[in-house]
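The opening residue of the sequence shown carries number 1 in UniProt numbering; numbering runs sequentially from there. Think of the CB as a built atom: it goes at the ideal place given N, C-alpha and C, for glycine as much as any other residue. Shown next, in structure tokens, is the structure this report addresses.
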Amino acid sequence: MSGNRKEDGGIFFNPSDKELIEHYLDHKLKGIKGANDIIVDKDVYAKAPWLLDHNNHPLFMTDVWYYFTTRTQISEKKIGRGKNSKRRITGGDNDGCGSWKPNTTEDIIDKETRKIIGTKKTLTFTKSKKTKKQQKTGE
Numbered sequence: 001m002s003g004n005r006k007e008d009g010g011i012f013f014n015p016s017d018k019e020l021i022e023h024y025l026d027h028k029l030k031g032i033k034g035a036n037d038i039i040v041d042k043d044v045y046a047k048a049p050w051l052l053d054h055n056n057h058p059l060f061m062t063d064v065w066y067y068f069t070t071r072t073q074i075s076e077k078k079i080g081r082g083k084n085s086k087r088r089i090t091g092g093d094n095d096g097c098g099s100w101k102p103n104t105t106e107d108i109i110d111k112e113t114r115k116i117i118g119t120k121k122t123l124t125f126t127k128s129k130k131t132k133k134q135q136k137t138g139e
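Here's what the structure looks like:
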């Protein structure tokens, strides 16, 4: 779960996907306090990524953050069998707003049992383009 930190030769937090699921997410879901406190709850879909207050834990590598977040599923009736999640950021002080777009999905497989224990999804934030009406009104 940790290794030598390149920046200062010390120890850093670098868990594998399996460790994140089994030692952090599983403990959080079971209400077990302790090691999983290093990862905080945050609604990362509420703000543009540069407006998030990042959890700068001393064991985290530079520009690496870990969060627990909850996906809000869009109604099955509205969009394709409920597979889509709400990832659009609008209004407030979100500087242009935008949305998180999924890039890749990868199954996390336990090497011992060869069973899928989770799914890893990579997202990219894309800023929205202003419409002509927004440009005229200054929104």
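Under DSSP, Tyr67 takes part in a beta bridge, and its partners are Val40.
In the DSSP assignment, Asp26 falls within the alpha helix (DSSP H) that extends over 26-30. Minimum Cα-Cα distance from Arg71 among the listed residues Trp100, Arg114, Met61, His23 corresponds to Trp100. Under the three-state reduction of DSSP, Leu59 is assigned to coil, being neither helix nor strand. Boundaries of the beta strand (DSSP E) around Gly98: 98-109. Collapsing the DSSP output to three states places Leu123 in a strand. Around the CB of Tyr24, 16 or more other CB atoms lie within 10 Å, so the residue is classed as buried.
The criterion of a C-beta distance shorter than 8 Å is not satisfied by Asp37 and Ile108. Distance from Thr69 to Val44 at the Cβ level is roughly 5 Å; contact confirmed, criterion being Cβ atoms closer than 8 Å.
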